[in-house]
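What follows is a short report on a single structure.
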Amino acid sequence: MTRSKRYICQTYRHVERGKGVAKQLVLVQASAIECKSSAEAERRAQRMFDGGSYAGADAFMIEVDVELGDYSDPTFMVRLGDVPPLDL
Numbered sequence: 001m002t003r004s005k006r007y008i009c010q011t012y013r014h015v016e017r018g019k020g021v022a023k024q025l026v027l028v029q030a031s032a033i034e035c036k037s038s039a040e041a042e043r044r045a046q047r048m049f050d051g052g053s054y055a056g057a058d059a060f061m062i063e064v065d066v067e068l069g070d071y072s073d074p075t076f077m078v079r080l081g082d083v084p085p086l087d088l
C-alpha cells in the first residue's frame with residue numbers, strides 16, 4: 001500500500017441557472033490545481049481569490065492510495081470567500 005499526500009487548490013464560481021423568476025446563482029467548482037506543498041496550495045488559493053475572478057477558493061490536502069483507488073477526506077488549510085459547506 002503506497003499512500004501519498006496531494007495538495008490541491010480548488011476554486012469556485014457563481015453561474016446563473018434557470019430562467020425568469022426561477023433564475024438563481026449557483027456555486028460550482030471551477031479549476032482544481034495540484035500543488036507541491038501545503039504552502040504553495042495556500043498561496044495559490046489566496047492569489048486566485050484575491051484576483052476577483054472566483055467566488056471562493058480552498059486549499060486542502062488529501063492522502064491517496066493509487067493502487068487501491070482510495071482517497072482520504074480532505075484536510076483544509078484555508079477556505080476563502082464563498083465555498084461549499086462541509087458535510088459533517
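For the sequence shown, our numbering begins at 1 and goes up steadily by one. Note that beta-carbon positions come from the ideal geometry of N, C-alpha and C, so glycine has one too.
Straight-line Cα distance separating residue j from residue i
i	j	result
E34	Y7	6 Å
D82	E67	34 Å
R79	T2	28 Å
A39	K23	38 Å
Q10	V26	16 Å
F60	K19	35 Å
F76	R17	28 Å
Cβ shell of residue i (< 7 Å), same chain only, five flanking positions each side left out
i	result
V28	Y12, R13 and V15
Residues near residue i by beta carbon distance below 8 Å, same chain, minus five either side
i	result
G56	T11, Y12, L27, F49, R79, L80, G81, D82 and V83
Y54	T11, Y12, R13, A30, M48 and G81
Proximal residues to residue i (C-beta, below 6 Å), its chain only, five neighbours per side dropped
i	result
S4	V64
Notebook entry, point to check: What residue ranges within the region 57–87 form continuous alpha helix (DSSP H) runs of no fewer than 4 residues, ordered along the chain?
Noted result: You should have found no qualifying run.
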